[in-house]
Amino acid sequence: MIRLKSKKTLPLLFVLPTMGILSFVTIFPFIYAFVLSFFQWDYQIMGRPFIGIQNYLNVFQDGRYFSALGTTVIILSAALGLEFMLGLALALIFVEEFKGRNAALVMVVLPVMMLPIVVGYTWKLLWNDQYGPINHILTGLLGKEINILWLAKTPTAFISIIVTDLWEWTPFIFLILLAGLTSLSPEIYEAAAIDGASPWARFRSITLPLMRPVIGVALLFRGLESFKIFDIIVALTQGAPGTSTETISLYLYRIGFQYFRMGYASAANIVLLVAVGCFLVVAVRLLRIERGG
Amino acid sequence: MKLNKKNAWVVFVCIVLVLGAGAAFAQRSSMKVAIEEGKKYAGKTIVFPTESGLFMQGPLALAPQWEKATGMKVEVVGMDYYALHDKQIAEHLAATGAYDIVQYSPLWVPDFIAAGLMEPLDRYVEKYMNKEDLEDIPPIVRKNLMMWGGTFYGLPIDLDILTLFYRKDLFEDSQNKAEFESQYGYELRCPQTWREFQEIATFFTAKYAPDIYGAAIQRAMQTYTWFEAPFVAYGGRYFNPETMEPEINNAIGVRTLTEMVEQNKVMPPGIETWDFMDVLSAWLSGKVAMIITWPPIGRWSEGYGTYTKQLAWVPKTEIAGNVGYGPMPLGRSTHAGCFSLGVNSGSKNKEAAYLFAQWASSPEISLQTVMLPFALCDPWRISHFEAPLYRNAWGNAGEYLDTLKESAMHGVWELAIPAAFEYFRALEEAMTAAYGGKDVQAALDEAADKWEKITNRLGRETQRKFYIEWLRSVGQSP
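Residue numbers (the working numbering), protein chains in the order written: chain A, 4 to 296; chain B, 588 to 1065.
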């Protein structure tokens, strides 16, 4: 009996330190932020009074919050869609053997290994309208002088952000999809080929259905990560022109760590957390990646 | 107690000794006092947050002198201008005790005081500062860079004043003069008004672009500083002092920003994203006729110290000997930034930190700092403007110093009330939106709306009191 008890308690003892650390770095800050969200914790205001749900009410009246949320969703949708299509195309190419495949694989995966802030500043140079190579390449390709102010106007700033994000994160989706494709059994394709299925029919009727859970995971991971897009925006536009490219994480950072309105920032974060949680539940259902889905 | 003759002599001698010692102490320069007193803290380390990049080169170059003289250590930590505001508050609110020194721009002072970051320095100034050294600081600088509400909070190290630099060779070219006069009906000269600035820029751009453009002004980071001077010179007020309603979106604000958007059209393509470095390289390589920027570019234009390793990256000047100086049009230039050193109230080495600040801002050391070619510190003491060494540093250095001094004495001080930085960031967002094509009135209305929200949050009456106090401190009647 004693031995049985120790068998149960020993593993618990082993995971206890990890649980403790996790609680300290995730649960405690969350509870602290939740409590803070009911106070007017603003370094300019004396006393930090309890204000109930006022911060939450303010969030729902904050046009800039929803504007930043909208900007984030636009960038997320465009980048995620394109990254998925490009990542899938690359994965379908790389699932086959070809000469120089390993070297090419390393080249393709390289961007994902770089720090987003480094990527941001590097691309800022590339988008520079005076010295950046993008305008020069476009001038060469189109045969006429191209001088687009990529980061100064809202539409082109969006394009710049999305392309930069695409460059860095397509390899991430590509790697997950490549792993999924590699694990598919070749026999199914052989049988389909014998039955006379065209490559498109094989892709549509075999690859896509079998890959659905993997695609779901890739989109979910990348989608959640895209929601937090920060470094690239800071490096490229700082949210400008005006606040047209300001994403939700940049806005929350500004409220919290530039204007030090911690109570309001906490409430705004918790509202966002709930929204992302709802999005996640819907996404899991839609993508059918829950167990047995 | 009745004094006998012997006792009276003893008392007399003591008084003489005390007064003598006091007088001797008072005679000693602030630098020497700081060093002598600083020796008590030998072995201690003080952490000095400062602006990264070139500005940081000044403290890095001078700190070893202090370390050698006192035995103290100075750890210089660099961060960008905005982060310098944010991080100093964040570290203080988190009670990390990370920094001993506070480096601040005047517009941050109310925020820093609200956060409890600033240690009042009156007792240290009284105890250690040589009064003559204090009087060497122009009263307007003393009031705006050292004090808040009658209390000393810092010692200046840098008096920024935006300056108009123009190409004398282009302006004095007889053909340019004749053509300009025939087109615009007045003499080609350093622009006195913003209309002249626009017309001269238009003239040069039309004649020389794409080789040379009429003007260049940075439109990225801190672009609000170029709004302040014309806005105030046109008679604009940030708020109505009675109601605290913002006035940046009134006719004067719209005129100011509209003119800035118009200026962009005759400046190099892509000016909307240009920062300090872009303007610097275009100017030094002779690609623009006029710039309005911080004073160090004037020194580098003449090749002053550009041989130093810290400035090895600066493009070789193509315009040495051809540079003229002037204040911003209408004679009002912005005090864009400016820096002072204070003491962090959370520091464990407050007195040591103060002594270092006193040493750094003393006449002897600050002259070294403002003459360091690679540091971004500009003259601020009366003795700096008059120093023969500086006035002979290059051909027309005297003219340069006179322009800086004259501009500084009539400069436009940045709004310094609680959350000033937040107000200005909202203004900056409106400005970049207008540069990006948004209607000027709509952009400024949006900024005014944000200003209203900030004022409501912090309390209208509280903000009004601060605003009126600030108006008085900069010599404007409420």
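Don't be surprised by glycine CBs; every beta carbon is placed ideally from N, CA and C.
As the structure is a computational prediction, the values presented were derived from the model and not from experiment.
Limits of the alpha helix (DSSP H) - the one that residue i falls within
i: residue 185(A); result: 157-186
i: residue 274(A); result: 265-290
i: residue 784(B); result: 781-795
i: residue 690(B); result: Taken as a continuous stretch (DSSP letters only), residue 690(B) belongs to no alpha helix (DSSP H), being part of the beta strand (DSSP E) at 688-691.
i: residue 953(B); result: 950-958
i: residue 2(A); result: This structure leaves residue 2(A) out entirely; chain A is present only between 4 and 296.
i: residue 42(A); result: Residue 42(A) -> no alpha helix (DSSP H), and no H or E assigned at all.
Residue-level contact to chain B via CB, residue i, 8 Å cutoff
i: residue 301(A); result: The first residue shown for chain A is 4 and the last is 296, placing residue 301(A) beyond what the model contains.
i: residue 118(A); result: no
i: residue 35(A); result: no
i: residue 71(A); result: no
i: residue 253(A); result: no
i: residue 295(A); result: Confidence at residue 295(A) is low in this model, with a pLDDT of 49, below 50, so the placement of that residue should be treated as unreliable; the coordinate-derived value is given next. So, not an interface residue.
i: residue 244(A); result: yes
i: residue 108(A); result: no
i: residue 260(A); result: yes
i: residue 95(A); result: no
i: residue 216(A); result: no
i: residue 133(A); result: yes
i: residue 184(A); result: no
i: residue 279(A); result: no
i: residue 4(A); result: Bear in mind that the predicted position of residue 4(A) carries a pLDDT of just 49, short of 50, making it unreliable; the figure below should be weighed with that in mind. Closer than 8 Å: no.
Any chain A beta carbon closer than 8 Å to residue i
i: residue 1024(B); result: yes
i: residue 673(B); result: yes
i: residue 609(B); result: Low confidence applies to residue 609(B): its pLDDT is 49, below 50, so where it sits in the model is not reliable, and the reading given next is rough at best. False, the Cβ-Cβ gap to chain A never drops below 8 Å.
i: residue 680(B); result: yes
i: residue 732(B); result: no
i: residue 871(B); result: no
i: residue 833(B); result: no
i: residue 1019(B); result: yes
i: residue 934(B); result: no
i: residue 1060(B); result: no
i: residue 812(B); result: no
i: residue 1009(B); result: yes
i: residue 1030(B); result: yes
Whole-Å CB distance - residue i paired with residue j, under 8 Å assumed
i: residue 324(A); j: residue 52(A); result: The structure shown has nothing for residue 324(A), since chain A only spans 4 to 296.
i: residue 867(B); j: residue 879(B); result: That belief does not hold up - the Cβ atoms of residue 867(B) and residue 879(B) are roughly 13 Å apart, past 8 Å.
i: residue 266(A); j: residue 40(A); result: 6 Å
i: residue 75(A); j: residue 240(A); result: Going by Cβ atoms, the distance from residue 75(A) to residue 240(A) rounds to 14 Å, so no, they are not a contact pair.
i: residue 917(B); j: residue 817(B); result: 7 Å
i: residue 151(A); j: residue 82(A); result: Incorrect: roughly 20 Å between the Cβ atoms, too far for contact.
i: residue 1023(B); j: residue 156(A); result: 5 Å
i: residue 173(A); j: residue 89(A); result: 5 Å
Under 7 Å from the C-beta of residue i: neighbouring residues of chain B
i: residue 2(A); result: Residue 2(A) falls outside the range modelled here, since chain A spans only 4 to 296, and no answer is possible.
i: residue 154(A); result: 860
Contacts of residue i in chain B (Cβ-Cβ under 9 Å)
i: residue 150(A); result: 856, 857
i: residue 263(A); result: 673, 676, 677, 680, 698, 702
i: residue 64(A); result: Those do not exist, as residue 64(A) stays about 10 Å from chain B at its closest Cβ, beyond 9 Å.
Chain-ordered neighbours of residue i on chain A, where CB pairs are closer than 9 Å
i: residue 1045(B); result: 45, 47, 48
Where residue i meets chain A, residues with beta-carbon distance less than 8 Å
i: residue 1016(B); result: 242, 243, 245, 246
i: residue 1005(B); result: 47
Residue range of the unbroken beta strand (DSSP E) whose run includes residue i
i: residue 663(B); result: 660-666
i: residue 878(B); result: 877-880
i: residue 927(B); result: 926-930
Interface partners of residue i on chain A, CB under 7 Å
i: residue 803(B); result: By Cβ distance, chain A contributes nothing, its closest Cβ being about 11 Å from residue 803(B), past 7 Å.
i: residue 876(B); result: Here the premise fails: no neighbours, minimum Cβ distance about 18 Å.
Within-8 Å CB hit, residue i to chain D
i: residue 201(A); result: Reference to chain D is not applicable here, since the protein chains of this structure are A and B.
Does the segment 41-56 of chain A touch the segment 242-256 of chain A, meaning 3 or more C-beta pairs lie closer than 8 Å? no
Is the segment 736-748 of chain B touching the segment 704-720 of chain B in the sense that three or more CB pairs, one from each, lie closer than 8 Å? yes
For the segment 971-987 of chain B against the segment 643-653 of chain B, are there 3 or more C-beta pairs whose distance is under 8 Å? no
Hey, is the segment 268-279 of chain A in contact with the segment 92-111 of chain A, meaning 3+ C-beta pairs nearer than 8 Å? When Cβ pairs closer than 8 Å are counted between the two stretches, the segment 268-279 of chain A is seen not to touch the segment 92-111 of chain A, the count staying below three.
Stretch-stretch touch, CB-based, cutoff 8 Å, three pairs: the segment 907-914 of chain B with the segment 798-812 of chain B: no
Would you be able to state if there are at least three C-beta pairs under 8 Å between the segment 677-684 of chain B and the segment 621-633 of chain B? no
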